[in-house]
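Participant: I have a structure here, written as structure tokens, and I will follow up with some questions on it.
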Amino acid sequence: MASAINGKPNEKWLVIHHKDDRFDTNVRMLLAGDPGNVSFLNWGAHDATNDYAEVPNVILAGTLFFRASQYEAIGRASAGFPSSEGLFSKAKFERVRRGEHRHMILQAICRGRVRKCDGARCPPSNVYIIASRRSRIADDLPSIFPRCRVVRWRPEGLQLRGKVADAIAFILERTKDGSFVSDAEVRKHLAMTDKANFRKGIKRHAEFLTALEEEGIVVCSESRLSGFRLRNTTTFWEFEDHHCVSQH
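In numbering that gives the first Met the number 0, the protein residues as written are 0 to 247.
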């Protein structure tokens, strides 16, 4: 969290966390900028306040989970389905659990600037979420924030090596002004004449694809040539165990 905040030390931040009397003190000790730019709220106080409506960056430092019995009770009460009428199915339980996660995340993130309007959309906002992978929260983010872009949050950066790193650097340099760069140009730069090796070793490499996503580069075609171009960013979100969500 401190790494993310230190990356934009002059901007306002809101951190929502589990109740811990020393949490904010411990985080502030790691900050490089003005600690006054960072506000803290604990879960339970994450809704019904407009005090942070100008904050563009929100971190959910962990998420709020209930006991299984609580999710079942919520589902039974809302559906009018008492225990006397039978078992509460696994499918119904999962729908309630994920629905509660969506509600909780929406309420927490909407403490920040995303709650406001800028024409037909919200102002630029960034959200960082730390949650259990098994919760499937990352899968649900596009339904909470339509037209969002979800990427893995890597506070220490993506560690690229060898030809993958070289390919990404070349593509970023060539596409930064909106230009299209073809596979052939990238292969030539890497001195890779074999198209199959390029597809297998570079273009389908997991870290290569992740780096493209995080840098906003899309795989596309132009004049029947396959290649890469900077995404036309109009409205999107970015969201791990760390997830980063941002809208531009």
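The C-beta atom is built at its ideal place from N, Cα and C for all residues, glycine as well.
Alpha carbons only, please: which of G43, L13 and T209 is nearest the one belonging to F65?
Facilitator: Measuring from the Cα of F65, the nearest candidate turns out to be G43.
Participant: Within the chosen definition, does the stretch 105 to 121 reach the stretch 78 to 94 through at least 3 CB pairs nearer than 8 Å?
Facilitator: Too few Cβ pairs lie closer than 8 Å, so no.
Participant: Out of L171, D165, I129 and Q69, state which residue places its alpha-carbon closest to the alpha-carbon of R151.
Facilitator: Cα-wise, what sits closest to R151 is I129.
Participant: Mapping DSSP to helix, strand and coil, what is F39?
Facilitator: In this structure, F39 counts as strand in the three-state DSSP scheme.
Participant: So which of D193, M191, E214 and F179 has the shortest CA-CA distance to S222?
Facilitator: Among D193, M191, E214 and F179, the Cα nearest to that of S222 is on F179.
Participant: Using the Cα positions of D46 and A52, report the straight-line distance between them to the nearest angstrom.
Facilitator: So the alpha carbons of these two residues sit roughly 12 Å apart.
Participant: What is the DSSP secondary structure of V54, counted as helix, strand or coil?
Facilitator: Correct three-state label for V54: coil.
Participant: Quick check on S245: does DSSP put it in helix, strand or coil?
Facilitator: For S245, the predicted structure reports a pLDDT of 45, less than 50, and the residue's modelled location is therefore unreliable. The matter cannot be settled from this model.
Participant: What does a CB cutoff of less than 8 Å around G74 pick up in its chain, not counting 5 residues either side in sequence?
Facilitator: Same-chain partners within the cutoff: F80, F87, K91, F92, R94 and V95.
Participant: With a Cβ-Cβ cutoff of 8 Å, do V26 and A67 count as a contact?
Facilitator: In this structure, A67 does not lie closer than 8 Å to V26 by Cβ.
Participant: Just how far apart, CA to CA, sit E184 and D117?
Facilitator: When rounded, the distance between both Cα atoms is 40 Å.
Participant: Buried or exposed, going by whether 16 or more other CB atoms sit within 10 Å of the CB of E71?
Facilitator: So E71 ends up on the buried side.
Participant: Please tell me whether F207 and C219 are closer than 8 Å, where the distance is taken between their beta carbons.
Facilitator: No, the Cβ-Cβ distance between F207 and C219 is not below 8 Å.
Participant: Cβ of G215 versus every heavy atom of the ligand PLP: is any distance shorter than 7 Å?
Facilitator: Of ligands this structure carries none, so the ligand PLP is not represented either.
Participant: Less than 8 Å between the C-beta atoms of L171 and E213, yes or no?
Facilitator: No. Outside cutoff.
Participant: Among residues of its own chain, excluding the 5 on either side of I167, which ones have a beta-carbon nearer than 8 Å to its beta-carbon?
Facilitator: Cβ neighbours of I167 beyond the five flanking positions: L159, F207, A210, L211 and E214.
Participant: What does a CB cutoff of less than 8 Å around C121 pick up in its chain, not counting 5 residues either side in sequence?
Facilitator: Result list for C121: R112, V113, R114, K115 and Q246, in chain order.
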